[in-house]
Every structure is written in structure tokens, then in C-alpha cells.
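Encoded as C-alpha cells, the structure appears first; notes follow it.
Protein chains: 4
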Amino acid sequence: MSDQNPLFIPGPTNIPDRLRAAMNVQTRDHRAPDFVETFAPVLADTKKVFATTEGTVITFPASGTGGWEAAVCNTLSPGDKVLVARYGMFSHRWIDLCQRHGLDVQIIECDWGSGAPADKFEAALSADKTREIKAVLVTHNETATGVKSDIAAVRAAMNAASHPAMLFVDCVSSLASMEFQMDAWGVDIAVSGSQKGFMLATGMAILGVSPKALEAMKTAKLHRTFFDFRDMLATNASGGFPYTPPLQLIYGMRESLKMLFEEGLENVYARHFRLAEGVRRAVDAWGLSLVAQSPDLYSDTVSAVYVPEGFDSNALTEQAFNAYGVSFGIGLGEMNGKAFRIGHLGSLTDVMVLSGLATIEMAMADLDYPIELGSGVAAAQEYLRKHRAALIKTAA
Amino acid sequence: MSDQNPLFIPGPTNIPDRLRAAMNVQTRDHRAPDFVETFAPVLADTKKVFATTEGTVITFPASGTGGWEAAVCNTLSPGDKVLVARYGMFSHRWIDLCQRHGLDVQIIECDWGSGAPADKFEAALSADKTREIKAVLVTHNETATGVKSDIAAVRAAMNAASHPAMLFVDCVSSLASMEFQMDAWGVDIAVSGSQKGFMLATGMAILGVSPKALEAMKTAKLHRTFFDFRDMLATNASGGFPYTPPLQLIYGMRESLKMLFEEGLENVYARHFRLAEGVRRAVDAWGLSLVAQSPDLYSDTVSAVYVPEGFDSNALTEQAFNAYGVSFGIGLGEMNGKAFRIGHLGSLTDVMVLSGLATIEMAMADLDYPIELGSGVAAAQEYLRKHRAALIKTAA
Amino acid sequence: MSDQNPLFIPGPTNIPDRLRAAMNVQTRDHRAPDFVETFAPVLADTKKVFATTEGTVITFPASGTGGWEAAVCNTLSPGDKVLVARYGMFSHRWIDLCQRHGLDVQIIECDWGSGAPADKFEAALSADKTREIKAVLVTHNETATGVKSDIAAVRAAMNAASHPAMLFVDCVSSLASMEFQMDAWGVDIAVSGSQKGFMLATGMAILGVSPKALEAMKTAKLHRTFFDFRDMLATNASGGFPYTPPLQLIYGMRESLKMLFEEGLENVYARHFRLAEGVRRAVDAWGLSLVAQSPDLYSDTVSAVYVPEGFDSNALTEQAFNAYGVSFGIGLGEMNGKAFRIGHLGSLTDVMVLSGLATIEMAMADLDYPIELGSGVAAAQEYLRKHRAALIKTAA
Amino acid sequence: MSDQNPLFIPGPTNIPDRLRAAMNVQTRDHRAPDFVETFAPVLADTKKVFATTEGTVITFPASGTGGWEAAVCNTLSPGDKVLVARYGMFSHRWIDLCQRHGLDVQIIECDWGSGAPADKFEAALSADKTREIKAVLVTHNETATGVKSDIAAVRAAMNAASHPAMLFVDCVSSLASMEFQMDAWGVDIAVSGSQKGFMLATGMAILGVSPKALEAMKTAKLHRTFFDFRDMLATNASGGFPYTPPLQLIYGMRESLKMLFEEGLENVYARHFRLAEGVRRAVDAWGLSLVAQSPDLYSDTVSAVYVPEGFDSNALTEQAFNAYGVSFGIGLGEMNGKAFRIGHLGSLTDVMVLSGLATIEMAMADLDYPIELGSGVAAAQEYLRKHRAALIKTAA
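Same order as they appear, the protein sequences are chains A, B, C and D.
Numbering-wise, the first sequence is residues -2 to 393 according to this note's numbering.
Numbering-wise, the second sequence is residues -2 to 393 according to this note's numbering.
Numbering-wise, the third sequence is residues -2 to 393 according to this note's numbering.
Numbering-wise, the fourth sequence is residues -2 to 393 according to this note's numbering.
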């Protein structure tokens, strides 16, 4: 309603001015040298964000869902088995996608609020004597529950089972905000998008692909053209694109990478932890609980917060929007009505976080929640000011 | 190189300031009323551009290639037969896509420079006694050759053969620039994109879908999730999207439609004809020939021009770019080296067209083409000023 | 430092996106009809904001200081006497300007924190038997102290003294934010600027001029050319400008007026009161005092707040800026070191105000101020939510 | 009308995207370090454009007219004598300004189309035995007639007369487009603006001031406050401003300087000469004449062109605007109706120049001018392509 207020949905994020300016370019000829000289370094630099030297970065003009589809279609064949744990709306949707593409999905059902069950993965993989499981699919940051899973542990489980399956990770809402180690964690395909940690508009799926996944590509039989890695690899090599590229987003990506590297990825991660911790202190001060079941699972990009018994979280987010013009994330799937979500990712500052906390406090008070106005803000202020960090400079 | 010069590639087009401003919006909550109230009218208004009242408009955050894939995957099953004529790079690519998705493609090979062969379609359909052909695929405006095909004639041919196949039309580079009559021509799926007649950034595939195609959707077995019409229809109905929508493009689309309706679609088409005719007069004055074989095939959005024997069209477009900072379309596929292309679509003015003609004349002179400087410009000036039209107002 | 954080200086204000877009226009021909058709209505509509039907609006490409100079130079002659009260930095500067232009300035010295002394004005005017005082100069909103003066009372005092002097009012930081009644208050020249209530970039002085002031113009002998009303009146009449106009600001002004009228001037004033009252509740909760001496003097666009004895207000604003990237106003003149200022004008929301309060609380805590974190925020939240108003829509 | 077409008024110029983006910044605190660190280098770098090491750069939020006023008011006293030649509208207006500020203006009347008469200046100065003339005022580039004067010759004349008068030069429409040598030419005050060679929006007067002029400042008695050098010098020294600065323009100026230095000032001048020469070839091909009386007087930023006997230049510029949406400069003052002007300054390309020539040719043909369509374009094409230069890169 008002472009003046920040929003607190867990992506797309508030876009800093530098990136709005970077995306606001006139059409340029994508077959001309200027584009070529822009695009190739963007792909190369994005590898640093995935923390991969072996992998290849591939982008599509699509959303994260398109990235999931690309991962699956380029490496698997109809009837292939994949192993997935369901612990939130986004893991659920990836399962659904696999099923609709004719894959045999072995599902491990988990509580929403829990993370990727490394032990159960190990058991399932060990039981898979005939090595029918071709890939393990994991949601790194389950945006619906505010849960961050331990990908290194999943990799360790796969190794413990000596299983050759590929590891596909959805890092849509974690990449460029929380630590991600594609090579170190042995990730074969990592799927992300432009509108979260990269702070851009929606419209670009961004994948990191390992040599092993590229090998699987050669025999994969699922149909694909728009999402075909092969066309991308063939044209990207010379700075081209198999069809019209999302030029404005690529120029935006160039500036986004510049901003991330200026701040330093480690500092970006530390900032997200710090701001998230401020939010968590507020939640605690309100006497409310996170959906994430334990501190090791706390996401630094989104906090899903249970409302007290007898309250409807949808009424709360509506009140925040209608009365104060501020958007928070609603509870998704089985969390609908039970939890609301505070997105705290992207180009965010202490000041913005505090404004979100102050707003939701007012909305809670309006709806007679048993919370004290200012209490969450005070707890966050106390934490944030005692753990001050160098300010990021988001303006050019 | 310089954002000051217009470009003459056949899309993406020069983006008018109004649309750059419209797309340059801060992130808004796509689950909030503001987006819903924006998106629904955009879909409804886009129907007017397709000239359909019966059809449904569906958009994806993708390029035109994604639109082709969506058309096919949502209505057909593996092994289904489709009938296509190949007469340029874009009809070729759609054929390739169909083959990669496991369809049985019956191809009618035509000369590049010719259009959709209604007579051959009729013969093929009449010969298809068992009605195995499920769809006829036609490229309305073949961007590689500057050829506009007669879709009404194709429809007449299908009717003459009393064949029940669906008619799918690629109108990526024609919609919103040249007349398109989805209902009148009996088109079942029309595929377009944001970056041509809509004058926006690349990133949105835009489809018009007939009730018959929606019926076919119910039994189609090709895999799809990202491009699934069903998810779109289910969420669009209430102003939503099955995943994160390309918000900035949708706001851009709202303003684009406003501009198109302010000018009037008939006037938009007339303007494109007039500017294209100016270009054609210049080509004639240079003593050069169009790739399009006859006037009824001339495209009003792009002219492909043969260079004289012994000249290399790639050297010409490189000279225009390197010496004058202006992009023209290169010759694609079998036209590579033989023809260059002048895009003349979108928010274009007489003044811009003349600057393009003046530029390519200089580049031709630089490369010792047998043309007289100023001759094409003069021919275009003469035509344009004698067929003056009301100026469009592109500024808000 | 970060364009993400709002700022809380008492102007220039945070510029809403709509106005940034409106000012971001390409150069247009200021002698062409499009500009003429834009400029004339802007002048006419601005009269509504001054609440004048008799007056004329004149703008200059300058700051508010230029507006003061224009007021004086166009109506007075060297040696003319003017009556002014000094009660802050901006009244002081206007006095200084008058003196430098050779006027005889009769100064009434007042405490900083007080407002225009109507009674003393009346006494001085009554004592001026020979009617040498040509104009009374009043600062409506003293930005240095957060004091709003009662212009109607000044007019009443002038009337009580039956004195024919003109009344000049500096409403730079009040117009379009707080009620202003040019005709009803008998104001002869009202001076404002683009960067406060109009929410635009700095660069346009905006004056309302009464018929009486225009009459005085005819005999005024102070030198002026750039600021000459006569050139403006002569060219503005036909939509022109005597020199190159600040085109981008004029397009911005058109949109600013649209926003103000969409919200409704009464609602704009009510919103500023409400937000200011929220700030005042916070100040009270901190146990601090405003510089403004009594509630009737409280400004709704800026609050100047005394820091406790022994603290340096400059250290506080520096801490807010260096640690949190948020700008507040420093103490000016004799308030330097003693008070800081919270600007709360323009396109501001509850959420933004709360973020400012939360930030300054952290800075105060960092410097060991005896305040409780969250206390000011809570007091403001309580007030703001209990006096909720319809949200303004700042996005187009 | 259409923001797509370039304009050919002699300033404000077409603004390149980089500068529009640079000016489109959110409000920042002008008392904070970020602004200080931006503003000081801008002032220092602008000295390079004036080619002065001894001088000081001072800017005001005003137009060029304000710059003229600042020059005069800061260095002269009422009744002081200045020597000026009148040979166009802008020299005329500066004379008028001086007279309105109570100066004694000794005017040398010259034909419009001629330049500054060094010989007559020498005679007048030699005749001024009592050294009453305090300043010689010269318009470097008379925008009304397209005449560039020889400032070095004026300085030589002053030296030949051994006269101590200051030399003030209006370089509004020449600085940053044509060579200017403040130190070498002994210029005491050079007056320019943001909207010409700096390619920015209107709103900043930019002055170069010599030590001698600063000395004169100390005793100057003309009234000034807004335009007072002293306040500027006192605050600029520490990166400040005496009142609210035109922040957006200063950020724009930073980027403008960057662009100018990237291209290289010598290359900027060469480009303007080359483009101007292209225009002059076209004028010659049309059989028309420039107002400028001889080649040494030809301006490289604007060409004033006589229309043939019996034609009305206003009808021509109106036709270009109404029929084709392109603005050219009208004839000013005694040139009104007799000549039109083609502005060719700022961020201009060959392509843009040719589009302007093609447009005015059409308008001339529409009005039955005895010119051949394409003839001017062809002459310009021939010159431009034979004198090709490296392309400037205006995009970031």
C-alpha cells in the first residue's frame, strides 16, 4: 500500500535502491559484446556465493519452482526414485513436482518445525541395497516453518550409507543470506532464485550444478527444452543464451554480487544471524514460540511464530496490513492460522527490523494478545545494540 | 553501448520511459490486496489484445520459449502427432521443442521467406483420415525472415478439411503490434511474450487459451509443473499465483495495456504498418530485397533484408554496432551472413526509424555497398511525411 | 549511508517513490505545449495548499532562503523598516538577510522555544505612529526549536494596531504539513519550498503573494533580477518562465499536489498531528522535555528535544548516524549540544516514526542516558494505535 | 510529447540514463559525512572542467541567470561601470540584469551573428583613462545566434589596454562542450549551469571564481544573501552549504564529471566539433545559411539557421514538434521568425544528430521549402562517417 514501509515477507525482499537502479536499464542487444562481457562474469561470480569451484552456474528466466523442475528434469528419467523428507510447504511442493513428473518419490514424513532427518536418510539409503534412489532432495531453509536444515549432516549420512545418489538442495531462501557450501557439502544441484538473498526482482532461477549432475544429464530422459541444461551450457560458454535472456535481472545480478562482495559473504551471514537473533529475542519477550523446534534449526532469514491458543494468525497479519500497511508472511499449509512469519532477509537494517517488531506488536495489541507493547522491541534493541556491527553501505 | 541510441533488433524493443517507471516498483506483497487488484484486470485486459472473449489469459515468468512449452505440455501427451511447417528459425525451434518432448512431428518443409502453407496444411489434414494430428502449430510472424503468415487462411484450411486438430499460434513478435484475432481465427493457444509488442523487459510468457485447449488440458499427459495451466487457473481465479509472480513485470503490463488502449489497438497496428512501409521504401531505394517473398507476407515488426552478393551481413551489423553503437538483428540460421534484420516494433517513432536507416546506410557505405547515402532515408521520409498520423504520446 | 533507512531530519524529507518517479523525467522542451499545460495547473493548484484564492503563486529554482530574498526584494526599498521577532535560527537568518539587503530591522528578541509574540508586535506597531514599518516578518514554524507560531494572532495584533504593514510568513517547514490559511490570516507573502511538505527534492522556492504585495512590488527599489516577480508574472501568464525552469521539479510538484489532494489536506494535517503526538508521547516517556515551551507551540513537523544535563546532543545524533545509519536533526545555534531534533514531516508512516524512536533509544542507551529501552516506542505505539487513521496510499 | 525522441533545443540537453539514475537518489542528510565526502570532490573536479587551478568553484541552486547575478553582486557596487557587447539575446539579458542592479553599463552594439569585438573592447578600455570600468562581461557562446566568441582575444585586448578590469564570461552553453581555459584566458568569473554540457537537470548555477574576483568581493556593496559567495566559501570549506543544498544535482554532478573524464575533455570537445560540423554540412546541402557570420564564430553546441526569405521559422519548429514530436530551438529576439536553432550538445551521438536532420528536413518539405529530402542527411552522413571517432560509452 505504501512503498515507504519495509515489508517482512520472507521474500521477495525489500530491494535496495542500488539494485532498483541496476535493473532499470534500457533494452540492450543481448547478442552484442556488452551483454556478453556482463553475463560471463556474473556466472563466474555467482559460483563464489554457492562456494563452488567445481560446479557450474546456470540461470533461467523463471522462479524457484522452475529451478526445482530444471534440477529434476535434467538429471532423472521417468520412474527414477528420489528420496525426500516432507517437513513444510516447500519440501511438500518439491515432492509434488517430482510426482507430477513421473518420479517414484520415497517420502519421509516429519513434523513441521523439524528439519532434514539425517538419521532417517541414512537408514533409507542403507536399506536401498539396489541403489534405486537416484537423488536425495533437501530443502535447506524451509520458508514455511523457519527451519534451517543441516546439509553437511545429510551429506555425512549419504556417505555413511556409501550411497551414490545425488544430493539436490533447495536453497532458494538461504543462499546469499546464510552460509552455503556447495562443494564442501557435496551438493550436486543447488537451486536458488533472484528475489531472496540476491535482493532482486523475481524472475531468475539460479542453479549450481556439480560435475556429477552434469554427467547424469547425459542420460536423463525427462522431457525439457526451456529448462534444458544442454542448451544453456552450449550458449553460455560464449556469453550467449538459448533464447531471450532476462537482461535487466542479469544487470541487477551483477550489482547484487558487487554489493555482497563489498560487504563480504561472511559479514552478510553474520548480519542475518544478528538480525534474526534480535527477532528471536523479541519473540521470547512476547512469550511466544517459534515453529522451529530447537535453536540449531532456527533460520536466519525467516522466523515462523506461533500465535497463542485461541488466536488466528491470519487475523494478525491482516491487521498489520490493513491498519499499518505492513506485510508479514502468513502461515502456510498446516501452519495456516496458527503461525505468522517474519521475513528478515536481504538488504535489511536494525532500524527496519525494529519497525517490523513495533508494528506487529501494535497489531497484536489491537487484537488483545497478551503482550506488552514495546517489550519485543526492547529485547531486540538490547540485543542489537550490544552486538553492534559495522554498518553496511547500501547506497552507491 | 550507448543507451542514447535506439536499437533495431526485432525485440526486445526500446522500452518507453513510462514502462521503465512502471516496472521500477519496490517489492510489494503478492499475497496482499494491492497485487490481487492489479493482476486480475491485467489478465482481463490482455484478452482484448488477443481479441478473445472466450479465451483465458495465462502468464508465466518465462520467455516465449517457455510459452511454446506450456502450450504443448498442457494439451498433448507423449507420442501425439502435431503438424508444423518449417520456414524460419522460430518455426524450426518450436519443431525441435516438440520433438524433444516426445511428440510425433509431421513437418512441412518450406522455403525461408515463405509463410504458412495453408494449402499444404489442408492436404495434410485431409490425408489424416484417422485424425491423429492433435494440433497444427503456426508461427504467425517469423522473426527470422520478416514473414507474416495468414492465420485466417490456416484456419480456413483446417475447416475445409473438417479436421478437429487444435490450432496453436506463435504470435510472440506480432501480438500488440499487428492485428491478431484469436477468436475470429479460431486459435486455440496463442503464445506471446512481454518484450515485443508490450514493450517491456523480457521475462513473461503470455498465452491466450481457448475453451477447447482447456478441455484438452484435462487429458494431456506430458509432464509439467512450473508451466501447468491447472495451477495457474486455480490460483489466478482469486488474483493469486502458484509461486512467486514476476511482480514488476505485471505492474509494467498494467501500464503497457494502458498505453496500448490510449493509442487504440487499430492505431497501433496502423503505426506499425506505416513505419514498416517507410523501412520497405528505403530498402527499395537501396536496390536491396526483402527475404519475405511477396508483399502479402511482409511483416510490420521486422524486415529481413538480403545483402548484395559478395557481402557478409554479419560484417554489416558489426560495423553498425562498432562504428555507430546501433544494434540491428543478424541473419539467423540459413540467413546468417546473407541477410540482416531491421526491427521496427514497439514504441517507435518516425524519428527513430529514420535514425536507424541513416545508420545502416553509413555502415553500408563504410563497407563499400553500392548504395547512395541518404537515398533510403529520403524514400522513407517521403513516405512517412505523406502518410502522417497523429503522434502517439508515450510520456505520462 | 543506507538508502533503506528513513531519515528524521526536519527536511528535506523522505521522498516517496511516486515523487521520485515523477521527477525522473527526461528533458522536455520547456517552450512546448506539454510543459505549458503542466505548469499552469501546478501554479493554480498550489494556491489551494496556501488556502488563497486572491493570491498568486510564484516559484523560483532556489531554496527557501531564495524565497525569503524574493519576498523582501520585490516589495521593499533600501532603508525600509521591517519588524521581526527572533526566536530561533531561521527567524535569525531572515533578520540577517534583511540587514544585508539594507533594511532597517526592528528586532524583538524572544526566548528560543517561544513563538511569535503577538502582544509585542501589537505594542511595536501601535508605537509606530508614522507607519514606518513596512512589513512584519514571522516564521510560522521555527524548525530550529520545533515551535509553531499563531499567525492568526499576529494578524489580529496588526489589525488591533490598525497598522498597514504587510505580513510576510516563512512557512517553509509547515506548508502542506500543518494548516496554513493565507487569505484568512491576511498573509501578504508566504514563503515555502519543495523539499518539506511537498516531499520533493530541494530546488524550488514556492511563494504565495497577495494583491497588496503585488501593489508594493510596483514601487519597491531593492535590486533583483533572478528573483524578480515581474518577469515571473509576465511569463507565467502564458505558461512560460523567464529563464530555464526546473522542469523535473515542476513535474514532481504536479504529482505531489495530486498526492496531497488524494489524501485530502485536512487528512494530511491530521496525520502530521497524530504522528507528532506519537513522538511527543515518547519524549514524555523518556522523561525528556521539548524545546517548545508549551503545547500550543508544539510543531507537528519537527520536535526539538532537550538532552539531560551533562549530555551532548551532538554525540547523540552522531551515535545514531554512525551506529545505526539514521539521521536526526542536530541542535542549531544556541541549541547546539543541548537539543536534538526529530523531523516528522512529509510522506511518513507510523512504522517509520516508530523506527526512528527505536533508533534514538538505542543511541541514548549506548551513551548511558537514563532512559528505558522500548519505553518511548511503547508510549508512541499506545497513542498511535488508539488513534488510528486510514492509511495513506503513497504508491501509484 | 514522446520521451523516445531526442530533442534538439540548445539545452537543457538529453539526459543520459547514467545521469538520470545518479540524480534519482533518495534524500540523504546533507549534514552527514556521506554528503560532505561527495560534495568536496565535486567542487575540486569541476575546476578541471573550467581549466583552473587558481580559481574556486561555487555552485548555487539556481539557473544560469542566477549565476550572472551572483557574479555581479559579489564583486561590484552600485554605480560601478561595466563594459559589455550586445550581439544576441543572452548578452542582452546580462546587460539588462546589470542595469537593474544599478550598474552603469557601457554597451557596444554589434550585429547579431557577430562575436565579442576584441578591437572595440580594446578601444573602449584604452579610452577609459580613469579606470572606471570594473568588469568586462562577455558571452562565450551566444546561444541565440550560435556564435562562439574568442575569449583569449578579449583577454589580449584587455592586456593591450593594460586595463585592470575583471573579465566575466558567460559560458553557460559552452562549458564542458567546447574548450574553456579559465586560467589561460585570465577569466575572473566564469558562469555556467548544470543543464548544458553537464547533461543534468536544470537547477544548479556553477561558477569559477578567480582570486582577483574574491578580492573584489571584499569591498563589493551590491546586496546579496542567497547568492553571497562569502557564505558559500565559509561553509563549502568543510563540505557544507549555507542552506539546503540541491543534493540530487550534486550527486548527478559527481557522475557527470566521471563521464566527462572517462571520455576525456579533449575528446568531448572533438566530438562536439565533429557533430556540429555534420550539422553544418547539412545546412550547406540545404542551401541555407548560419546566423554566425564566419567559420571562426561557429558554435559547436548550437547552430542557428536562417530560413529562406518568405518563410517563418516559427512555423517550421512548430511543424517539427506537432508532426514529428521533435523540439528544435526557436529564433530568439530579433531572430524570431527568421532563424531556427539546432542544439547539438551534451550526450549526443551521430545517430541522434542524423535523426534531427531527417526530421527537420521532413518539416521543411511539409512547408514547401526548396530543399531535397535526404540531402542534408547525406551530407552529414558523409562527413560523420569519414571522420569517425571512438564511440563514447554512456551506459554504466
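Glycine included, each C-beta is placed from N, C-alpha and C at the ideal position.
Remember, it's a predicted structure, so these values are computed and weren't measured experimentally.
Contact check for residue 55 of chain C against residue 250 of chain C fails: the beta carbons are separated by 7 Å or more. Closer than 7 Å to the CB of residue 379 of chain C there is at least one CB belonging to chain A. Against chain B, a Cβ distance below 9 Å from residue 23 of chain C picks out 14 and 392. Contact of residue 191 of chain A with chain C by beta-carbon distance below 7 Å is absent, the smallest such distance being about 18 Å. When the Cα atoms are used, residue 207 of chain A and residue 95 of chain A turn out to be separated by approximately 20 Å. Residue 341 of chain B is classed as buried because its beta carbon has at least 16 other beta carbons within 10 Å across all chains shown.
Taking the Cα of residue 344 of chain A as reference, the smallest distance to any Cα among A/12, A/45 and A/334 is reached at A/12. Residue 324 of chain D belongs to the set of residues whose beta carbon lies under 7 Å from a beta carbon in chain C. At a cut-off of 7 Å, the C-beta of residue 252 of chain D has no neighbouring C-beta in chain C.
A direct Cα-Cα distance of roughly 24 Å separates residue 121 of chain D from residue 66 of chain D.
With a beta-carbon spacing of about 7 Å, residue 366 of chain B and residue 305 of chain B fall inside the 8 Å limit used to define contacts. DSSP places residue 209 of chain B inside the alpha helix (DSSP H), whose first and last residues are 208 to 214. Against chain D, the CB of residue 352 of chain B has a partner CB under 7 Å away; the residue lies at that interface. When Cβ pairs closer than 8 Å are counted between the two stretches, the segment 305 to 325 of chain B is seen to touch the segment 346 to 356 of chain B, the count reaching three or more. Contacts with chain A at 7 Å (Cβ-Cβ) do not include residue 264 of chain B.
Chain order gives the chain B residues near residue 17 of chain A as 21, 22 and 23, where near means a beta carbon separation below 9 Å.
The shortest C-alpha to C-alpha distance from residue 221 of chain B to any of B/0, B/68 and B/29 is the one to B/68. A direct Cα-Cα distance of roughly 20 Å separates residue 175 of chain D from residue 40 of chain D. Within the DSSP bridge table, the entry for residue 138 of chain B names B/145 as partners. Contiguous beta strand (DSSP E) elements confined to the segment 41 to 83 of chain C occur at 53 to 57 and 78 to 83, taking only those with 3 or more residues.
Given a length threshold of 4 residues, each whole run of the alpha helix (DSSP H) inside the segment 148 to 191 of chain A is given here in chain order: 148 to 157.
Excluding the 5 residues flanking it on each side, residue 35 of chain C has same chain C-beta neighbours closer than 8 Å at 247, 248 and 251, in chain order. The alpha carbon of residue 233 of chain A has as its nearest neighbour, out of A/38, A/8, A/22 and A/1, the alpha carbon of A/38. Here residue 390 of chain B carries a coil assignment [DSSP, helix/strand/coil]. With the criterion set as a beta carbon lying under 7 Å from some beta carbon of chain D, the members of the segment 85 to 115 of chain C are 94, 97, 98 and 99, in sequence order. Within the same chain, 136, 139, 140, 141 and 167 come within 7 Å of residue 87 of chain B by CB-CB distance, once the 5 residues on both sides are set aside. Chain-order list of chain D residues neighbouring residue 257 of chain C: empty, with the shortest C-beta distance near 18 Å, by a criterion of under 8 Å. For residue 226 of chain D, the enclosing alpha helix (DSSP H) covers residues 226 to 233. By the neighbour-count criterion, in which 16 or more other beta carbons inside 10 Å mark a residue as buried, residue 128 of chain A falls on the exposed side.
Nearest in C-alpha terms to residue 329 of chain C, of all of C/319, C/310 and C/316, is C/310. Note that the C-beta distance between residue 213 of chain C and residue 72 of chain C is below 7 Å. In this structure, DSSP gives residue 204 of chain D an extended state, which the three-state scheme calls strand. In chain order, 164, 182, 183 and 184 place their CB closer than 8 Å to the CB of residue 152 of chain B, counting only its own chain and leaving out the 5 sequence neighbours on each side. The shortest CA-to-CA distance from residue 16 of chain C to any of C/191, C/267, C/312 and C/377 is the one to C/191. When rounded, the separation of the alpha-carbon atoms in residue 161 of chain A and residue 78 of chain A is 13 Å. Using a CB distance cut-off of 7 Å, residue 375 of chain B counts as an interface residue toward chain D.
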